[in-house]
Amino acid sequence: MQALHDEGVELIFGYPGGAALHIYDAIFRQDKIDHILVRHEQGATHAADGYSRATGKPGVVLVTSGPGATNAITGIATAFMDSIPMVVISGQVASHLIGTDAFQETDMIGVSRPVVKHSYTVFNAEEIPKIIKEAFYVATSGRPGPVVIDIPKDMTAPDNLFDYSYPEEAIIRSYNPPIQPEQDQIDRAVEAILIAKKPVIYAGGGAIASNAEKELFELNKIIDAPVTNTLMGLGIYPASHHRFLGMLGMHGTYQANMAMHNADLIIAIGARFDDRITNKPSKFAPNAKVVHLDVDHSSVSKIIEANVAVFGQVKNSLKLIKDTLEKKLDSYNSATIQPWHEQIKEWKSQHGLNYDLYKDQSDSHPILPQAVVQHVHEITNGEAYVTSDVGQHQMFAAQYYHFDKPRRWINSGGLGTMGFGLPAAMGVKLAFPKDEVVCITGEGSIQMCIQELSTCLQYNLPIKIININNEALGMVKQWQDMNYGGRHSESTYQNSLPDFIKLAESYGHEGIKIEKNSELKDGLKKAFAMKDKLVFVDIYVDPSEHVYPMQVANGSLENMWLSKDKQT
Amino acid sequence: MIKRKLILIMENKPGALVRVVGLFHQRGYNIETLHVDSVKDFSVYKDIEKKLETKFEDNQISRLTIETMVSDDLMRQILRQLNKLIDVIAVSNEETTYLKGVLLDENLL
Numbered sequence: 002m003q004a005l006h007d008e009g010v011e012l013i014f015g016y017p018g019g020a021a022l023h024i025y026d027a028i029f030r031q032d033k034i035d036h037i038l039v040r041h042e043q044g045a046t047h048a049a050d051g052y053s054r055a056t057g058k059p060g061v062v063l064v065t066s067g068p069g070a071t072n073a074i075t076g077i078a079t080a081f082m083d084s085i086p087m088v089v090i091s092g093q094v095a096s097h098l099i100g101t102d103a104f105q106e107t108d109m110i111g112v113s114r115p116v117v118k119h120s121y122t123v124f125n126a127e128e129i130p131k132i133i134k135e136a137f138y139v140a141t142s143g144r145p146g147p148v149v150i151d152i153p154k155d156m157t158a159p160d161n162l163f164d165y166s167y168p169e170e171a172i173i174r175s176y177n178p179p180i181q182p183e184q185d186q187i188d189r190a191v192e193a194i195l196i197a198k199k200p201v202i203y204a205g206g207g208a209i210a211s212n213a214e215k216e217l218f219e220l221n222k223i224i225d226a227p228v229t230n231t232l233m234g235l236g237i238y239p240a241s242h243h244r245f246l247g248m249l250g251m252h253g254t255y256q257a258n259m260a261m262h263n264a265d266l267i268i269a270i271g272a273r274f275d276d277r278i279t280n281k282p283s284k285f286a287p288n289a290k291v292v293h294l295d296v297d298h299s300s301v302s303k304i305i306e307a308n309v310a311v312f313g314q315v316k317n318s319l320k321l322i323k324d325t326l327e328k329k330l331d332s333y334n335s336a337t338i339q340p341w342h343e344q345i346k347e348w349k350s351q352h353g354l355n356y357d358l359y360k361d362q363s364d365s366h367p368i369l370p371q372a373v374v375q376h377v378h379e380i381t382n383g384e385a386y387v388t389s390d391v392g393q394h395q396m397f398a399a400q401y402y403h404f405d406k407p408r409r410w411i412n413s414g415g416l417g418t419m420g421f422g423l424p425a426a427m428g429v430k431l432a433f434p435k436d437e438v439v440c441i442t443g444e445g446s447i448q449m450c451i452q453e454l455s456t457c458l459q460y461n462l463p464i465k466i467i468n469i470n471n472e473a474l475g476m477v478k479q480w481q482d483m484n485y486g487g488r489h490s491e492s493t494y495q496n497s498l499p500d501f502i503k504l505a506e507s508y509g510h511e512g513i514k515i516e517k518n519s520e521l522k523d524g525l526k527k528a529f530a531m532k533d534k535l536v537f538v539d540i541y542v543d544p545s546e547h548v549y550p551m552q553v554a555n556g557s558l559e560n561m562w563l564s565k566d567k568q569t
Numbered sequence: 040m041i042k043r044k045l046i047l048i049m050e051n052k053p054g055a056l057v058r059v060v061g062l063f064h065q066r067g068y069n070i071e072t073l074h075v076d077s078v079k080d081f082s083v084y085k086d087i088e089k090k091l092e093t094k095f096e097d098n099q100i101s102r103l104t105i106e107t108m109v110s111d112d113l114m115r116q117i118l119r120q121l122n123k124l125i126d127v128i129a130v131s132n133e134e135t136t137y138l139k140g141v142l143l144d145e146n147l148l
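Encoded structure:
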């Protein structure tokens, strides 16, 4: 505990159990670090993850051995896929019992190995300060990620005393993440930018991890290129900026995907060209040169070959590119990309997201999920922290809630973990108690971590839960509609949904049910007016609605479904 | 695909080997041969010690030799993934070496 305090930890999410009891006793006997008792270890990891995404600080989790540790795995994998810094401390059975199938024994290091950046086992109590220092360094540096520390019970026994001192810094001779890029890489990137006629900036979660929003904005003041963000990158460039194209990829906007496909230069910033972005890689952006800024060697030229690779913290790389570009400004004229902007404007006008279509429908039509997100955006002035779960509601939120700031959009992009939204919102609310925190979810996802409503009661976390209820696993159903002849195999619940209002009330929260368009705006306003209460807003929406645009499988980025019967 | 040889030196710590082997397994690459040694003679690694500004001591370092059947592209990706493992100090194929994250155009191992 002393080591965690010395590391600057203020908040731990966890759940006690036998092998962690010595540590829990130490928590009881101190008052510097707050502990949040969740209702399931998965909730602890997601809450720490949400806390980390919103603040940029590492999330800290404490669980016991065996089931406590394995329950945490989904949350660790979620953080791993999205490169979120997290330190997970798991209790372990006492050293002499390891390997004997002892009660609540699991090989946590083995089980977690494929989904951690690194892991440590404590073999000597004296190593604890050094290991904790190293774990935080590894978790937060380079490409961030989760680190597990497995501590056998005897290592934390009160009689296991040693001379404590906390190391000033962690030095790992085999680990050296790039920080400052090489100038020749920068020069080559600048050369490519100077000759581009159709440039696109494609920024992802890595740009947020590196806190590069200012550097990106400043650089693009010079280049004046259109900017698209990945699902993980939303907010790194202001959505209200006239050069912003929206999200790209599977459910990206028409103009973002068209711009990427037709670009002659793609400037990739902390993004990894994953399969939800590229569609079929061999058909991806055939005429584009790729300048790839990343901190991770193994992410560059993994899927799409980079013509220029710039390794380093992307914040530093962007700044250096700007400084170098400024010296060559006489050979750069942003007017040469004017025809490109005209083209993009045309694409936008052809098939932009139909913002006017969804709002203010009459009661003869069911509520459209897009309208729910639009109203939430309006009521919160676009300034809320929005967490989401996974599925159609996640895509509608990404498309229709416009983020002007980074770290406001908090979702499981890589692993796609249902159940993430509510516990993540708890982590955000604890970090920023005065800010509005909204969990946009669906009736499927919310039931995967619904037990955390109890945690929200214990710690008085007035989150607003917007349940976009289509009485089905919407995204599964959409794929079944499109690819499986409309056979809805196991994607509906046969009228077995709980009464969410009563459920919320049983946990001491408020509930509002909305079924008609005429109730939507006022119902949401009423929910957000209850500042000190968690409000569960259960909104019944059109179950037949699909998410569009949608990439046509195995096509290029140009090939999109724009509606149920219209393809590009 | 042809058989290719990789050499790694890494910290001799519990769990380090399984991370290397796990990386091959997870991606479906088969290991043809695997040889692991605790390094006794450091004279051949003088250059590396100098570059890392460190001094290797007895039983601190393991040397792995792995032979695997992969294409050029996969080989490059495997090298990068191995280089990413925290305990790996250096990894080398015939032409290149990643030394603590830095790519060098020579086989240092």
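If you're matching them up, the sequences are chains A and B in order.
Take my numbering: the final residue in the first sequence is number 569, and no numbers are missing along the way.
Take my numbering: the final residue in the second sequence is number 148, and no numbers are missing along the way.
Don't be surprised by glycine CBs; every beta carbon is placed ideally from N, CA and C.
Next item on the list: Closer than 8 Å, Cβ to Cβ, to anything on chain A: give me those residues from the segment 44-69 of chain B, in chain order.
Entry: MET49, GLU50, PRO53, GLY54, VAL57, ARG58, GLY61 and GLN65
Note to self: Which complete alpha helix (DSSP H) runs does the segment 53-89 of chain B hold, if anything under 4 residues is left out?
What the structure shows: 55-65
Check: What's the C-alpha gap between ASN207 (chain A) and ALA336 (chain A)?
Finding: Note that residue 207 (chain A) is Gly in the sequence shown, not Asn. If you take the alpha carbons of GLY207 (chain A) and ALA336 (chain A), they lie about 30 Å apart.
Note to self: Relative to the C-alpha of PRO159 (chain A), which candidate in A:GLU127, A:ILE133, A:VAL139 and A:ASP539 has its C-alpha closest?
What the structure shows: A:GLU127
Notebook entry, point to check: Just by C-beta distance, which residues in the segment 175-196 of chain A are closer than 8 Å to chain B?
Noted result: Within the segment 175-196 of chain A, those residues whose Cβ lies closer than 8 Å to any Cβ of chain B are, in chain order, SER175, TYR176, ASN177, PRO178 and PRO179.
Next item on the list: Return the CA-CA distance between THR325 (chain A) and ILE194 (chain A), expressed in angstroms with no decimal places.
Entry: 11 Å
Checklist line | Neighbourhood of MET108 (chain B) by C-beta distance below 6 Å, restricted to the same chain and skipping five residues each side | finding: Here MET108 (chain B) has MET40 and LYS42 as same chain residues with Cβ atoms under 6 Å from its own Cβ, once five neighbours each way along the sequence are excluded.
Check: On the three-pair Cβ rule with 8 Å, is the segment 149-156 of chain A touching the segment 187-205 of chain A?
Finding: No contact exists between the segment 149-156 of chain A and the segment 187-205 of chain A.
Notebook entry, point to check: In whole angstroms, what separates the C-alpha of PHE63 (chain B) from that of ASN69 (chain B)?
Noted result: 7 Å
Item checked: is_contact[SER318 (chain A), chain B] using C-beta, thresh 7 Å -> no
Notebook entry, point to check: Is it the case that the Cβ atoms of LEU558 (chain A) and ASN280 (chain A) are separated by a distance below 7 Å?
Noted result: Yes, they are a contact pair.
Item checked: Short CB-CB distance (under 7 Å) between LEU91 (chain B) and chain A -> yes
Note to self: Using 7 Å as the threshold, is the C-beta distance between LYS199 (chain A) and TRP341 (chain A) below it?
What the structure shows: yes
Check: Where LEU454 (chain A) and ALA45 (chain A) are concerned, what is the direct C-alpha to C-alpha distance, given to the nearest angstrom?
Finding: 13 Å
Item checked: GLY67 (chain A) versus A:TYR52, A:ASP50, A:GLN105 and A:ILE34, residue with shortest Cα-Cα distance -> A:GLN105
Margin query: For ALA272 (chain A) and GLY205 (chain A), which I take to be in contact (beta-carbon distance under 8 Å), what is that distance rounded to the nearest angstrom?
Written below: 3 Å
Next item on the list: Counting only runs of 3+ residues fully inside the segment 330-395 of chain A, write out the beta strand (DSSP E) ranges in chain order.
Entry: 386-389
Check: Along chain B, which residues have their Cβ under 7 Å away from the Cβ of PRO115 (chain A)?
Finding: GLY61 and GLN65
Item checked: Members of the segment 95-129 of chain B that neighbour chain A once the beta carbon cut-off is set at 7 Å -> GLN116, ARG119, GLN120, ASN122, LYS123, ILE125, ASP126, VAL127 and ILE128
Notebook entry, point to check: DSSP state of ILE441 (chain A), grouped into three classes?
Noted result: strand
Note to self: So, for TYR333 (chain A): in the same chain, excluding its five sequence neighbours on each side, which residues have a beta-carbon less than 6 Å away from its beta-carbon?
What the structure shows: Residues LEU195 of the same chain have their beta carbon placed closer than 6 Å to that of TYR333 (chain A), with the five preceding and five following residues left out of the count.
Next item on the list: Quick one: list the residues of chain A neighbouring LYS139 (chain B), beta-carbon separation under 8 Å, in chain order.
Entry: ARG174, SER175, TYR176 and ASN177
Next item on the list: Out of A:ASN555, A:LEU249 and A:GLN256, point me to the one whose CA is closest to PHE274 (chain A)'s CA.
Entry: A:LEU249
Next item on the list: Sort B:GLU145, B:ILE125, B:LEU148 and B:THR136 by Cα distance to GLU135 (chain A) and report the nearest one.
Entry: B:ILE125
Margin query: By the 9 Å beta-carbon criterion, what residues does the segment 297-322 of chain A contribute toward chain B?
Written below: Taking a C-beta cut-off of 9 Å against chain B, the contacting residues of the segment 297-322 of chain A are ASP297, HIS298, SER299, SER300, VAL301, SER302, LYS303 and PHE312, listed in chain order.
Checklist line | 3 or more residues per run - each beta strand (DSSP E) lying fully within the segment 109-135 of chain B | finding: 127-131
Note to self: If you measure between the beta carbons of LEU525 (chain A) and HIS376 (chain A), is that distance less than 7 Å?
What the structure shows: yes
Next item on the list: For the segment 172-240 of chain A, list the beta strand (DSSP E) runs that are entirely contained and at least 3 residues long, ordered along the chain.
Entry: 200-204 and 228-230
Note to self: So THR122 (chain A) contacts chain B; which residues on that side make the cut at Cβ distance below 8 Å?
What the structure shows: Residues of chain B passing the Cβ test: PRO53 and GLY54.
Margin query: Just to make sure I have the definition right: I need the residues of chain B whose C-beta is within less than 7 Å of the C-beta of HIS6 (chain A). Which are they?
Written below: Result: empty, since nearest Cβ-Cβ is about 25 Å, beyond 7 Å.
Margin query: Can you look up GLY551 (chain A) in the DSSP assignment and give me helix, strand or coil?
Written below: Residue identity differs from the one stated: residue 551 (chain A) is Met in this sequence, not Gly. Residue state, collapsed to three classes: strand.
Checklist line | Host alpha helix (DSSP H) of LEU319 (chain A) (start-end) | finding: 315-328
Check: The beta strand (DSSP E) spanning HIS36 (chain A) covers which residue range?
Finding: 35-38
Notebook entry, point to check: How about HIS119 (chain A): is its C-beta nearer than 7 Å to some C-beta of chain B?
Noted result: yes
Check: Which residues, in chain order, does the segment 137-150 of chain A contribute to contact with chain B at a C-beta distance below 7 Å?
Finding: VAL139
Next item on the list: On a CA-only basis, which of A:HIS394, A:GLU306 and A:GLU170 is nearest CYS440 (chain A)? Give me that one, please.
Entry: A:HIS394
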